[in-house]
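Numbering-wise (my numbering), the sequence shown opens with residue 601 and increments by one. By construction, the Cβ of each residue, glycine as well, lies at the ideal position given by its N, Cα and C atoms. Just below is one structure, and these are the notes that go with it.
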Amino acid sequence: MEAFNRVIDTISGIFLPIINVLMAAALLKGVLLLSVNMGWMNETSGVYTILFAISDGFFHFLPIFLAYTASRKLKADTVTSMLLAAALVYPDITNMFSQGKSLDFLGMTVNPVSYPSSVIPIILAVGVLHYVEIPLEKFIPGTIKGFLKPMIAVVIVTPITFLVFGPLGALVGSGLSSAYSAIYDFSPIAAGAIFGLIWQPMVVFGFQWGMVPVIIEHINTLGVDSFLPLLGPAVMGQAGAAMAVTILAKNKRLKTVALSSSITAILGVTEPVLYGVTIPLKRPMVAACIAGAIGGAVVGTSNAGAVAFAYPSMISLVVYLGEGFWTFFFAMIASFFIGILLTLLFKFNEADFG
601 MEAFNRVIDT ISGIFLPIIN VLMAAALLKG VLLLSVNMGW MNETSGVYTI
651 LFAISDGFFH FLPIFLAYTA SRKLKADTVT SMLLAAALVY PDITNMFSQG
701 KSLDFLGMTV NPVSYPSSVI PIILAVGVLH YVEIPLEKFI PGTIKGFLKP
751 MIAVVIVTPI TFLVFGPLGA LVGSGLSSAY SAIYDFSPIA AGAIFGLIWQ
801 PMVVFGFQWG MVPVIIEHIN TLGVDSFLPL LGPAVMGQAG AAMAVTILAK
851 NKRLKTVALS SSITAILGVT EPVLYGVTIP LKRPMVAACI AGAIGGAVVG
901 TSNAGAVAFA YPSMISLVVY LGEGFWTFFF AMIASFFIGI LLTLLFKFNE
951 ADFG
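Shown next as C-alpha cells:
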C-alpha cells in the first residue's frame, strides 16, 4: 500500500503544477467540439484552426510539460529532461511512427509508438535520467560538465525510452485490445463492466492508445464500433465524483479545480479530473471506476455503437445515435449520479490534495 501511495503521490506531484493549464486546454477543446457540432464554427476556418492549435497543442506536447514538472519531482536536470521529451515528439519521428515505419538503432529495431500526449514513457525516462546524471556529475570535470553531462545523459536515456518504455506501454495496450475482443465475444455485459472499471486507469498509464486501431478497424469494416459506448459511463463517473468533491470540499482551490474538471469531463476530457482530483484524493477514483463499471455493464446489454471516432461525452452524442442509444444515454446519466453518491459515501481526505 505504501508503494501504491508513493506512485500516486509522484503522479499527483507531476500533474498538479500544470493542472490549471490542463483544464484550460481541455475546456477550450470541449467548447470547440460543441461549436462544430452545433454548426457555429467550421473546422476549416482560420479561427478554429488557431484555437484548436492552442487546445490540442498542449496535449500534443504534453511530454515536454511533464518533463519539466517530473524533473522537479524526481530531481533530474530540468532542461535536459525537456530535451529528452522534445526528441520523443520530434515531428519527423512522429510522422514516421504514425505511418507504421520502424527505425534501426545499432541493429536494434525501434518499433513505431505514438508519443504525443503520452504520460508514462517520459516519467520513466526522467526517473532513469536522475540516476544516469549521478555518476556523470561525479566523474566529468567541471570545466566541460556543463555541456558534456546533458549530451551524454540524453544519448543514453533517449534510446532506452524508444526501445523499452514506449514499446512496453504499446505492448500492454495491444494485449488489452485483444482481451477486449475475447471478453466482448464471450459477454458484452462483462466487457462493459470490466472496461468501464479500468478505462480511466488505462488513460493514466497511456494504455488507451492500444485500443485505437481496434476502434478504427470496427468503424471501417463494420460501419460501427461497439467499444466506444462502453466508455461513456467511465467518463461520466469521473465527472460525478468530481462534482461530489465540489460539494464536500472545504478547500476553495480544491472546490474550483473539482468543479472545473467536472465540467471538462462532461465535455469528454477527463485528464483534469484524473490528475487534479480523483487520483490525488484516491477514494473518489475508486467511486468513479465503480460507477463506470456499473454503467458499462448496462451499455453492454444494448448493442450500442459509434458510427465515427469520437470519445463519448455530452457533446458527441450524435455519433452514438442508433440502436441502443437511449440505454447508452441513460447509463451515462446514471453513472454521473452513482459517481456523486459513492464519493459522498466514501468521502476523502482533503490533505491528499496537496
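The beta carbon of Gly-630 is closer than 7 Å to those of Thr-864, Leu-867, Gly-868, Val-869 and Ile-915 in its chain, skipping five residues each way along the sequence. Of the candidates Phe-661, Trp-640 and Ala-667, the residue whose Cα lies closest to the Cα of Ala-625 is Phe-661.
Leaving aside the five residues that flank Lys-675 on each side, the residues in its chain whose CB is nearer than 6 Å to its CB run, in chain order, His-730.
Its chain contains no residue whose beta carbon lies nearer than 8 Å to that of Asp-609 once the 5 sequence neighbours on both sides are disregarded.
Residue pairing by DSSP places Ala-839 in no beta bridge whatsoever. For Val-710, DSSP records a beta bridge to Leu-703. Trp-926: member of the alpha helix (DSSP H) spanning 925 to 946, first to last residue. For the set Leu-683, Phe-827, Gly-924 and Pro-617, the Cα lying nearest the Cα of Met-751 is the one of Leu-683. For the options Ala-770, Cys-889, Gly-792 and Phe-909, the alpha carbon positioned closest to that of Asn-903 is the one of Gly-792. A direct Cα-Cα distance of roughly 15 Å separates Ala-653 from Pro-691. One alpha carbon belongs to Ile-723, the other to Ser-717, and they sit about 12 Å apart. Nearest neighbour of Ile-664 by Cα position, chosen from Ile-815, Tyr-875 and Leu-688, turns out to be Leu-688. In terms of Cβ geometry, Gly-939 and Ala-779 do not form a close pair [threshold 8 Å].
Assignment of Ala-887 by DSSP, reduced to helix, strand and coil, places it in the helix class. Inside the region 646 to 674, DSSP marks whole alpha helix (DSSP H) runs of 4 or more residues at positions 646 to 660 and 662 to 674, from first to last along the chain. The shortest CA-to-CA distance from Gly-895 to any of Gln-800, Gly-796 and Ser-714 is the one to Gly-796.
Annotation: Val-804 to Asn-949 spans about 21 Å, alpha carbon to alpha carbon. Within the DSSP bridge table, the entry for Ala-906 names Asp-825 as partners.
Three or more Cβ pairs drawn from the region 828 to 835 and the region 886 to 893 lie within less than 8 Å of each other, which places the two stretches in contact. Residue burial is scored here from C-beta neighbours: Pro-788 has at least 16 other C-beta atoms within 10 angstroms and is therefore classed as buried. Nearest to Gly-707 by alpha-carbon distance, out of Phe-615, Gly-922, Ser-655 and Leu-763, is Leu-763. Our two residues, Ser-861 and Pro-741, have alpha carbons roughly 48 Å apart in a direct line.
When the alpha-carbon of Thr-678 is set against those of Ala-725, Phe-658, Ile-798 and Glu-643, the nearest one is in Ala-725. Within the same chain, Cβ atoms closer than 7 Å to the Cβ of Ala-753 are found at Thr-680, Leu-729, Val-732, Glu-733 and Leu-736, the five residues on either side in sequence being excluded. The Cβ atoms of Ile-819 and Phe-827 lie no closer than 8 Å to each other. Under the DSSP assignment, Ser-787 falls outside any alpha helix (DSSP H); it carries neither an H nor an E label. A straight line joining the alpha-carbon of Lys-882 with that of Leu-633 spans about 30 Å. Using a 10 angstroms sphere on the CB of Glu-871, the tally of other CB atoms reaches 16 or more, which defines it as buried. Distance from the Cα of Ala-893 is smallest, within the candidate group Leu-830, Phe-697 and Leu-822, for Leu-830. By alpha-carbon distance to Thr-878, the top candidate from Ser-913, Lys-852 and Gln-838 is Gln-838.
Here Trp-799 has Leu-831 and Ala-834 as same chain residues with Cβ atoms under 6 Å from its own Cβ, once five neighbours each way along the sequence are excluded. Straight across, the Cα-Cα distance linking Gly-922 with Phe-930 is about 14 Å.
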